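**Q**
Residue numbers (the numbering used here): 90 to 286.
Rendered as structure tokens:
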């Protein structure tokens, strides 16, 4: 019996840290392409993320909108595919009166990404929807090998579950600021994105 994890979304595993990467929903109606590395990956332990995911934290990868390109099993892609996805607002810690807009597959309702503002906002891709990749010695690595650069709302007074050990990880009591945990290249990409609004 094989010890290799079963992945019905990917037929061949790409090497780790190579782009583009791909992902999608479990029913495979929606697929997407990530054209570059994310700006940042973080694990958010806030109570909103816990409730939205039904888990201890959300694992989020932030991308500029033009770096996340959806396609559908019908052949639609780009804006044509976008127009067929479900957008569902939910309350959140930030995002104003609209909260966070969750983008879901219209068939299986899986959340693929979200935004905090409907127009020209960063896409927050759910890392669990990213395809697995091939790591060292050909070993399967889930979720594109993406791992958190920081854990937010996870300090001693935060919302982190006691059983989630974070020794050696970058942990913040609150959301913190980009300058505290984003790399220089990501901050520059963020500046370029903001100026292009």
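Glycine included, every Cβ here is placed at the ideal spot set by N, Cα and C.
What you are looking at is a predicted structure, and each value in this text was computed from that prediction instead of being measured.
Would you say residue 119 and residue 216 are within 8 Å of each other, going by their C-beta atoms?
**A** Contact: no.
**Q** Report the start-end ranges of each beta strand (DSSP E) in the segment 202–242 that is 3 residues or longer and not cut off at the edges.
**A** Complete beta strand (DSSP E) runs here, min 3: 212–215 and 239–241.
**Q** Take every Cβ of the segment 235–249, pair it with every Cβ of the segment 127–146, and state whether three or more of those distances are shorter than 8 Å.
**A** Segments in contact, yes.
**Q** So which of 190, 201 and 191 has the shortest CA-CA distance to residue 115?
**A** The option with the nearest alpha carbon to residue 115 is 201.
**Q** Could you give the DSSP three-state label for residue 121: helix, strand or coil?
**A** Correct three-state label for residue 121: strand.
**Q** Indicate the three-state DSSP secondary structure (helix, strand or coil) for residue 131 in the structure shown.
**A** Residue state, collapsed to three classes: strand.
**Q** Can you name the residues that DSSP bridges to residue 110?
**A** 123, per the DSSP bridge assignment.
**Q** Could you tell me which of 225, 205, 144 and 250 sits nearest to residue 103, measuring between CA atoms?
**A** Residue 225 is the option with its Cα nearest to residue 103.
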